[in-house]
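Residue numbers (the UniProt record's numbering): 1 to 877.
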């Protein structure tokens, strides 16, 4: 029995996570009471909370308390702002929140969410066949109720109905299940009132449908599981049905219920995937994607023609556009009247208008300044057609919409093409669901390191691609289950209804691609359920692949090449690849980048390592026009967040265009659009690599600048590197000018630019190494002015470096780099180790390119390099 002594008081996020995992593994609900000693209502309801703990303990409800004063991080993570707050968790997810001392409301919530005894009776019946028949009848009745929830829910069941007479009346718990759902006796019939609790019925359906499913495997398509399991490729079930029957029949009642819950959760995203096949939504999505602009940008960065752009290069541009321009992160909401940051106020039922978008939940937010101000509703939509309109959400919406766009994006059809048809950029895509609360995508691409061979490539909406260990090694996640849902080929879905399409969605357990810690992950999973899960998923592979083979045209299969993703052989190869852990990443992976700092910290996804290098190894090379004009000019405006290369244009630039300050009115929209078109939008687009740097906008001060990422510990520096390479052009570096705006707001904050040269490609590499070593120190170069520094012993002869710091002279027409074939520009922001600036604000003290957010005429970074023909330079010498 849950007594006062047995109720745990949680102090940390780790304790909460451990208890949450324990309750999920034991198929129990977890009820948390967030309280404080100074809170009078908290003290008043404490005895009632203990009574509820005792009352609901037999129905598998575990109760715990959280002192809000001692567990601030946990309160922030769970969005608790008022006390007392009661939060109920099922399967690691919060299913209900009660704010305030509303104990009767809390009791109602517990009665609805806790497992109903009638369902347990049906599952435990000693006549399984009768129990299954009863469950199927109940499911049919309940589906009619839930599907008509917007209309009249008045339904009558005649007691003379054959189903009631021959089945429900004879199965223990069946009639009780109807009464628990809300049916009431009325003479010779059962009547369901209009105020029926739909959520309670859905919970009962979850258990009943899982109970039916475990014995009806041939009606359900099946996927792959643990790394020890492989699917057969000969089209037979290999005895999978018998294996599944044996595995499930060996489970006790608690394990059976856990299996039902696990299976229902596994198949839940299938319904979302089936919405991707809506022809109207597909056409709408294709019209939204700026395909040609993305191809142009990819071609520019890849140094190839638009016809030669690879799917991988296009993917990078698509993800960048999606993150930076298309979708918005739902971080916080402002009151529409007073602009105060609103506070979470719980969830609400969806309206008739919202239901069209299939919201998983509807969050509500109140204005803390004035309760009379309008409540903001944030539906967590699942329908991609709706998301194309709202373009707002968190990781669930981001991954859902991105997977959809990846699945529909197509190459431009040339006007002269005959029999024009949609040619997808990616033959196949997947929606990935991680049970530790994240979702992302996978794309079928050619292996960069093994040409001619294809594989599933990880793609996170936050911008990271082909980094499957990002979540475990970078974010610090403790993974349990990661499932992949393959979007079926559109050609196989034409003319099919939603149920038929859902049977074409394959499910694969891809946990083992995303972890190197097999034993730790297995220890966090349901060990008793591994065998039935593997058997169930293998059977789904067989059913889905059979449907694929019957539906796919030979032309589609041939378009996928020698390795086509919609085959049982490919599924078997992938499953076999999970036998061995993936190799460790060559570089440290970053913590989570999306969402507010507080939200990421509360989720424990910041990562614990030093900030890691990021970037695409972009190397700047002069264009033919720049070579012709003998000058390379790169400049950056922080207010617009754009670069310009004025001398790369076909027409010679005017004197005003090459001036550091433009005169007269400026069409900022035109400047930004031109930067987008030419791949110059965003401070990081032309960087070779960078770490721990972000663009900061101060709306209150109307200032913009680059600084270290918000919240970065003082001991971590920020870095940006650019590389200009002249090798193979027949030109060398002449005179160099550099203007860079830097600001330090505290005595212990530091900023510097270091420009180094290399005479050869080998020298460029050694310059990079020497510069990294040198700039990791803090006092080896004179900071009073720009000073040339001789090359170190491990660099090529002739190498030179120049350092700029705040207050130093601008580098103008320097001849220190004449004859070099490569220039390396490195900026660093840091805090002295013995500084006095508080660590939580140190990140902001050193700034780059600070300017007014309306200053579109000044370029706080200008890098001008004279380009001299090598024979001309030799003649001069």
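Quick reminder that beta carbons are idealized off the backbone N, C-alpha and C, glycines included.
All values reported here derive from a predicted model rather than from experimental measurement.
Local conformation of residue i per DSSP, three classes
i, result
"residue 866", "strand"
"residue 13", "helix"
"residue 849", "strand"
"residue 305", "coil"
"residue 370", "coil"
"residue 220", "Here the model assigns residue 220 a pLDDT of 36, short of 50, so the residue's position is not dependable and the matter cannot be decided."
"residue 627", "helix"
"residue 424", "strand"
"residue 810", "coil"
"residue 507", "strand"
"residue 124", "helix"
"residue 67", "strand"
"residue 296", "helix"
"residue 618", "coil"
"residue 477", "coil"
"residue 861", "strand"
"residue 881", "Absent from the structure is residue 881, since the part of the chain shown begins at 1 and ends at 877."
"residue 637", "strand"
"residue 815", "coil"
"residue 346", "strand"
"residue 578", "coil"
"residue 495", "coil"
Beta-carbon gap between residue i and residue j smaller than 7 Å
i, j, result
"residue 848", "residue 742", "yes"
"residue 362", "residue 348", "yes"
"residue 827", "residue 753", "yes"
"residue 880", "residue 28", "Because residue 880 is not part of the residues shown, which for the chain are 1 to 877, the question remains open."
"residue 685", "residue 617", "no"
"residue 327", "residue 398", "yes"
"residue 101", "residue 56", "no"
"residue 566", "residue 512", "no"
"residue 84", "residue 35", "yes"
"residue 463", "residue 323", "yes"
"residue 465", "residue 524", "no"
"residue 692", "residue 669", "no"
Status (buried if at least 16 other CB within 10 Å, exposed otherwise) for residue i
i, result
"residue 261", "buried"
"residue 434", "buried"
"residue 468", "buried"
"residue 211", "buried"
"residue 339", "exposed"
"residue 160", "exposed"
"residue 453", "exposed"
"residue 442", "buried"
"residue 628", "exposed"
"residue 389", "exposed"
"residue 797", "With a pLDDT of only 28 at residue 797, under 50, the local geometry of the prediction cannot be trusted, and the value read off the model is given with reservation. Its Cβ having fewer than 16 others within 10 Å, residue 797 is exposed."
"residue 527", "exposed"
"residue 90", "buried"
"residue 436", "buried"
"residue 20", "buried"
Residue interval of the beta strand (DSSP E) (run including residue i)
i, result
"residue 444", "438–446"
"residue 689", "689–691"
"residue 458", "454–459"
"residue 734", "731–740"
"residue 288", "Looking at the DSSP string, residue 288 is not in any beta strand (DSSP E); the run it does join, the alpha helix (DSSP H), is 279–288."
Residue range of the alpha helix (DSSP H) that includes residue i
i, result
"residue 668", "668–677"
"residue 840", "839–842"
"residue 96", "Not the alpha helix (DSSP H): residue 96 falls in the beta strand (DSSP E), residues 93–99."
"residue 745", "Careful: residue 745 lies outside any alpha helix (DSSP H) and carries neither H nor E."
"residue 824", "Here residue 824 belongs to no alpha helix (DSSP H); instead the beta strand (DSSP E) covers 822–831."
"residue 355", "352–355"
"residue 544", "530–551"
Requested in this report: Indicate whether the contact test is met: 3 or more Cβ pairs, each with one atom in the region 731–747 and one in the region 840–856, closer than 8 Å.
Outcome: yes
Query raised in the report: Three or more C-beta pairs closer than 8 Å, one from the region 348–366 and one from the region 423–430: is that the case here?
Result: no
Query raised in the report: Are the region 183–201 and the region 128–136 touching by the rule of at least three beta carbon pairs closer than 8 Å?
Result: Judged by Cβ distances under 8 Å, the region 183–201 makes no contact with the region 128–136, as fewer than three pairs qualify.
Query raised in the report: Does the region 385–402 touch the region 319–337, meaning 3 or more C-beta pairs lie closer than 8 Å?
Result: Yes: at least three Cβ pairs fall under 8 Å.
**Report entry** At least three beta-carbon pairs within less than 8 Å, the region 495–504 to the region 531–539
**Finding:** no
Query raised in the report: Does the region 539–554 come within contact of the region 273–284, defined as at least 3 CB pairs closer than 8 Å?
Result: no
Query raised in the report: Would you call the region 717–731 and the region 806–818 in contact, with 3 or more CB pairs under 8 Å?
Result: Verdict: no, contact absent.
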